[in-house]
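S.K.: Numbering (our numbering), first residue to last: 20 to 315.
Note that beta-carbon positions come from the ideal geometry of N, C-alpha and C, so glycine has one too.
#1: Can you check the segment 105-155 for any alpha helix (DSSP H) of at least 4 residues that lies completely inside it and give the ranges in chain order?
#2: Classify residue 197: buried if its beta carbon has 16 or more other beta carbons within 10 angstroms, exposed otherwise.
#3: Going by DSSP, name the residue or residues bridged to residue 95.
#4: Using CA atoms only, rank isn't needed, just tell me which of 240, 283 and 209 is closest to residue 59.
#5: What's the C-alpha gap between residue 104 and residue 269?
#6: Is DSSP giving residue 238 helix, strand or coil here?
#7: Within this structure, are the beta carbons of residue 71 and residue 183 separated by less than 9 Å?
#8: What do you reckon, are the CB atoms on residue 63 and residue 179 nearer than 9 Å?
#9: Terminal residues of the continuous beta strand (DSSP E) containing residue 208?
#10: Look at the alpha carbon of residue 85 and the alpha carbon of residue 276, and state the distance between them as a whole number of angstroms.
#11: Quick check on residue 275: does DSSP put it in helix, strand or coil?
#12: Determine, using beta carbons only, whether residue 46 and residue 78 come nearer to each other than 9 Å.
#13: So, using beta-carbon positions, are residue 149 and residue 181 closer together than 9 Å?
#14: If you drop the 5 nearest sequence neighbours on each side, which residues of the same chain put their C-beta closer than 8 Å to that of residue 235?
#15: Can you tell me whether residue 61 is helix, strand or coil according to DSSP?
#16: Give the DSSP-derived three-state secondary structure of residue 72 in the structure shown.
#17: Leaving aside the five residues before and after residue 203 along the sequence, list all residues of the same chain whose C-beta is less than 6 Å from its C-beta, in chain order.
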């Protein structure tokens, strides 16, 4: 079954439940608005870090992409998506993102640090702001976290020269609570944890993504939506994967409505995959119930 026939069956312009972090598909629940407010605070704040955490698949990266699309012109952004680096590699990445010239392979940590310092002073002199965003920040090593703390030591009398937003999974909070990272933790001026969607939010999320893809009518029965919420636990990524598989299943059956039965079939197929099993106790228990129901 090709994407074209899949979308053509439901008269859609594109697949509504792609896993790509596309800001057009971002559903802004109340907690997403609150999370965005914290991120914007990180852009405006002159004195510390902002920390955004959330479970896998909760929409952190999509929210970050949305933030980048809304960024004011006077904010110069360095966005790091792969933080599995050492201190020198992170400094090189920051130089690359800010387009700071350096001699490849021939500069020490101190020299790279000094180049970034000079660049930040120049940005401030132009009445602009410099912002560093690090996604998947739970992978940062203690040495790299300490480097970030040192970067926030760069300041004038009235503001920090570099604003930092850290985005990561819940273990990032645990990591920053370690005694050796207390100085770093004390500089976090705003924290927000993005949780799963409520049942009402999940319903609106599904409708929003379908409408964005071009749907002009409902293609999920009410009972199918309820089942989708239960088996996904309200986690957007799981909703996407299961809903996509359910639409494909309905298409194969030449049905225009995803029924509860089709949805549960799709959930079994998805949750059988090790990547999506045991996301939480709730998901694990749902998986067990679905397996038992199939055996019967």
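M.R.: Straight from the coordinates:
#1: Runs of the alpha helix (DSSP H) inside the segment 105-155: 106-117 and 128-144.
#2: Its Cβ having fewer than 16 others within 10 Å, residue 197 is exposed.
#3: DSSP links residue 95 through a beta bridge to 149.
#4: Closest by alpha carbon: 209.
#5: Cα to Cα, the separation comes out at about 44 Å.
#6: In the three-state scheme derived from DSSP, where H, G and I count as helix and E and B as strand, residue 238 is classed as coil.
#7: For residue 71 and residue 183, no; Cβs fall outside 9 Å.
#8: In terms of Cβ geometry, residue 63 and residue 179 do not form a close pair [threshold 9 Å].
#9: Residue range 207-213 is occupied by the beta strand (DSSP E) that includes residue 208.
#10: Rounded to whole angstroms, the gap between the alpha carbons of residue 85 and residue 276 is 31 Å.
#11: Reduced to three states, the DSSP call for residue 275 is coil.
#12: Contact flag set, yes.
#13: Yes, the Cβ-Cβ distance between residue 149 and residue 181 is below 9 Å.
#14: Scanning its chain for C-beta atoms nearer than 8 Å, with the 5 sequence neighbours on each side dropped, one finds around residue 235 the residues 30, in chain order.
#15: Looking at residue 61 - three-state DSSP - the assignment turns out to be helix.
#16: Strand, per DSSP.
#17: Annotation for residue 203: 164 and 168 place their beta carbon closer than 6 Å to its own, counting only its chain and skipping 5 residues before and after.
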